[in-house]
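Read the structure below first, then the notes.
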Amino acid sequence: MITFRHLSRRPSVLHIFKVYYPDLFGGTLSVIRAICAGLKHKFAANVLVCSKSGGQRRLIVNEVPVERVRSFGDVLSLPLAPTYPLRLWRRIAEHDLLALHAPFPLADLVFALGFARKRPLVVHWHADIVSHSSLRWLVQPLMRRTLQRANAIIVSDRALASGTPLLREFADKCHVVPFGIDISKYEWPPRRPPHVNGRGRLVLACGRLVPYKGFDVLVRSAVNQSFEVWIVGEGRERERLERLIRELGVQDRVRLLGSVPDDELAKFMCIADVFVMPSVTDAETFGLVQLEAMAAGRPIINTSLDTAVPHVARDGIEAITVPPRDPTRLAEAINSLIADPERRRRMGDAARHRAATKYSTAAFQEGIEEVYRQAIASRQPARTLRSPTTGLLGAMRIAAALAWSDMRHRYVRSLLGPFWMSIQMAIMVAVLGSVIGHFSAGSTISRLPMLALSLTAWNFLNSVVLDSTTALQDSASLIRDRALSPVIFLLQCCFRQALFALHNLSVPLLLWLVLSPMDLKAVLAALPGFVLFVACTFGLSLVVGAVATRFRDLKPITESTLTLAFLSSPVIWSPAMVNQGSSIMRLNPLTHLFAVWREPLANSHVPMISIAYVLVCLAALALAGWLTVVHLRRAAFWI
Amino acid sequence: MPGIRLRNVCLDYPLYGAYDFSLKRRLLAPLIGETSTARTIRAIDDLSLEATAGARIGLFGPNGSGKSTLLRLIAGVYPATSGQVEVTGSVMPLLGLNAGANLDFVAADNISLLLRIGGRKPTPAIVDEIWAFTELEERMRQLPLRMFSSGMLMRVLFATATAFPADILLLDEWLSVVDENFSAKAEQRLLKLVSMAAIVIIASHDQGLLQRTCTSIIKLDHGHIVSTIPIDQNPARQKDLREKRA
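As they're listed, the protein sequences go chains A and B. When the first sequence is numbered by our numbering, its final residue is 654 and no position is left out of the sequence of numbers. When the second sequence is numbered by our numbering, its final residue is 247 and no position is left out of the sequence of numbers.
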């Protein structure tokens, strides 16, 4: 349903990429800029990128707000910006549409992990990962999940959609929207400055000085020829290219011009005789720069890559297509054009015509707008249709509701509800306290709060694990008839027993308030250890719960094991009462599981060995828990 | 758009005997030379099915023909052994006769809890509306469900489950227990759900019920489709139905 608010306001689009003006210039960036500017009356554009330069976090570039996340340099062509995913996650809710300019694995991380489900996502597929293809296996799953989740994928040419293996899996989502070029920016100059190009042999190339652009091939092709080569652009290959130019002795005819402003580049395009794009890998997907040269009416020489490059300017019509990495063939092609002004003019006219008709800005903007609108519209009903019972959060919500109703039910049946258990525990503490007082020298009274707390904690662990052995069978109807995930009911055990434990906690709390000096600092110090305790308990219940459902005879085994564990672990007695060196004590994980929160409460330090032991246990439980969750789908067969 | 698409789906249902649930037996089996015989039954056998918005499909077949298993497969309870299962949209399964209700709880609590399980917030207004649909007496709201007759229970659960539109509604042997009056009302609500682009799949032995409510009936036997009968909307029958409602 479209609300009035949506009509009155431009939908907000967040463009997600690794870098933006003014830090860098390049094809992808000019596409983003063109989208922002071209659709500014229809969509409010925002850009979130990384920046190495530091400086301002927020700035306005061409009327578009740009937010920059600090990056500490590039590793494998990827900005090292650890806070980017977090920032992206926080920005998602503010926008109506997310436009990811791929490849950008840092953002894929956010989408693959399932954040941002609530917003429609359009992926602009600019290029595949080519330069570090050995690490593909690492990012490919992330990219696949992003594409799975995307509402639409925009590619610049059909060749990309059919030629990229990953995109072929999502062919039904791919929309071909060719880039657009405003040919009015490349109007024929009224007079050609005679001093620059009297000889009619100026070859122009343009692009970042990076290996895949293949400028070294162009430099090599210039050896023993008469044409001049101007290369516009900046980049990390500059030194190597300069050295190559010197070594080949072509410095008089080959010039690296560095970066130049856009209008200056347009001028260069107009005075050049031949435009060359010698790119050598499929990282060059489209070659926006050749489209610019076409708009300026230049004949093109491009390379026969598997991407859109040879489709934009076609061999024999607007271009001569040569094999990549072949300086000889490149030189031949350049010479053939230099030698034939009539052919140059014919090709240039064809190129300008193609740029004006096939690659108009209007068509580009309309195409993008259409995809954006569809993505926003398609997402609206999907938001209400999405089942709220999926995902971990949904599972926890249901488990909490079930646990809460369990506890309420205790109150329905009796006046005191779960407090009966607390009273029972208070009696136990009193009896055990007096008995243990006879065993040891210390004062009984001062030990009571800790005894009560330990009993509460043990009670929690014991009941969670015991409950979990029957939880799935007890909830068979909900699992089989309502298709709820079995994990919910193991979570329910944990939540329910946590609620009961909170009731029981009243006993140690009262004792602590009455008998101990108030020491909130110790309580705070014990909290991390307590979180570990609860996490281990849940992990244990997950594993035991699943296995005990599959193998029914595990329940009595679990019961007797828990009794044994209660007696052999320092729950009612403290480790100080027995021989510290006892190996059973040291190997018993429960000793350490209690130590991590009891020691800070008693104002002493937790031994490193205990922390390490607990963390190893937690890791093992996490692994076992993960395996359990994977196999828990079959639980419906067991109950 | 909600949709169900099953392609060559097979499901082997494992049959666990008393010994198969024993861990001790399992661990001892290699020692006493007993080879484990994992017995399975092919409950769904190479079944393909496609349903799009507005479809009302009836499943018909003898006991053990795989009707309930198929519904559970679509609901995501059982994982398919092989083949492709694609279900888009939210699924509201109402399969067993209790459908997750806790018979010890009073009716109102059950309604709230079931709504929460479905991800909805049970406001008093919604619960009132559901109760009005059941046409049961007001005082019964505070009675535990175990005191209800099966027909009354069904009314409460049906009213709760269909209170919010779901994309896909799966019903197993449902409308057969309630009386005629409520059945007509329930059918009306089902038709309304379907008009909101939902898919309804009903498994039943009652061929009359299926003919009245469905657009096509699938006959199942031993886990595969024997025949698919499309039902044209017979005007005479529609009239008959209308009279019944009036």
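All C-beta atoms in this analysis are idealised placements derived from N, C-alpha and C, irrespective of residue type, glycine included.
Closest in alpha carbon position to L616/A, among Y628/A, M600/A, L539/A and L605/A, is L539/A.
Interface flag for H141/A against chain B is unset, since no Cβ pair is found closer than 9 Å. Note on geometry: alpha-carbon atoms of W588/A and I75/B lie some 54 Å from one another. DSSP places I218/B in the strand class (E or B) of the three-state scheme.
Interface annotation for the segment 51–74 of chain B against chain A: R73, criterion Cβ-Cβ distance under 7 Å.
In the structure shown, T179/A falls within a coil segment according to DSSP collapsed to helix, strand and coil.
Annotated as distal: K57/A and P80/A, with beta-carbon spacing of 9 Å or more. By the criterion of a C-beta distance shorter than 6 Å, L172/B is surrounded in its chain by L95 and I203, once the five residues flanking it on both sides are discounted. Chain B has no Cβ within less than 9 Å of the Cβ of W641/A. Put simply, of V138/A, A142/A, R173/A and G544/A the residue whose alpha carbon is nearest the alpha carbon of L162/A is V138/A.
Think of a sphere of 9 Å around the beta carbon of D110/B: the chain A residues whose beta carbon falls inside it are S420, R423, H424 and V427, in chain order. Across the set I599/A, L493/A and C51/A, the C-alpha of L493/A shows the shortest separation from the C-alpha of N103/B. Using beta-carbon distances, I131/B does not count as an interface residue toward chain A, since no partner is under 9 Å.
Boundaries of the beta strand (DSSP E) harbouring L29/A: S27 to I31, taken from the DSSP string.
The C-beta of R27/B comes closer than 9 Å to at least one C-beta of chain A. Here the segment 323–333 of chain A does not lie against the segment 342–354 of chain A, with fewer than 3 beta-carbon pairs under 8 Å apart. The CB of G77/B comes closer than 8 Å to the CB of A498 in chain A, given here in chain order. Chain-ordered, the chain A residues with CB closer than 9 Å to the CB of Y14/B read F652.
The alpha carbon of A346/A has as its nearest neighbour, out of L217/A, S598/A and M309/A, the alpha carbon of L217/A. DSSP places Q266/A outside both helix and strand once states are collapsed to three, so it counts as coil. Under a criterion of Cβ atoms nearer than 7 Å, no residue of chain B is adjacent to D288/A; the nearest Cβ is some 56 Å distant. Chain B places no beta carbon closer than 9 Å to that of V644/A, leaving this residue out of the contacts.
In the three-state DSSP reduction, S375/A falls in the strand class (E or B). The beta carbon of Y20/B sits closer than 8 Å to those of R26, all from its chain and outside the five residues before and after it, given in chain order. Only buried fits R83/A, as 16 or more other CB atoms lie within 10 angstroms of its CB.
The segment 260–272 of chain A makes no contact with the segment 285–293 of chain A: fewer than 3 CB pairs, one atom from each, lie closer than 8 Å. Interface residue (Cβ-Cβ distance to chain B less than 9 Å): V562/A is classified as such.
When secondary structure is reduced to three states using DSSP, Q240/A falls in the coil class, being assigned neither helix nor strand. Secondary structure of Y79/B (DSSP, three-state): coil.
As computed with DSSP, M93/B is found in a beta bridge with L170/B. Within the segment 269–345 of chain A, the alpha helix (DSSP H) runs of at least 4 residues that lie entirely inside it are, in chain order, 277–286, 303–310 and 324–327. With respect to chain A, the C-beta atom of S196/B has no partner C-beta closer than 9 Å. Contact check for S294/A against L259/A fails: the beta carbons are separated by 9 Å or more. DSSP, read as helix, strand or coil, puts P125/B in helix. In this structure, DSSP gives F510/A a helical state, which the three-state scheme calls helix. Annotation for V227/B: no alpha helix (DSSP H) segment contains it, though the beta strand (DSSP E) segment containing it runs H225 to P231.
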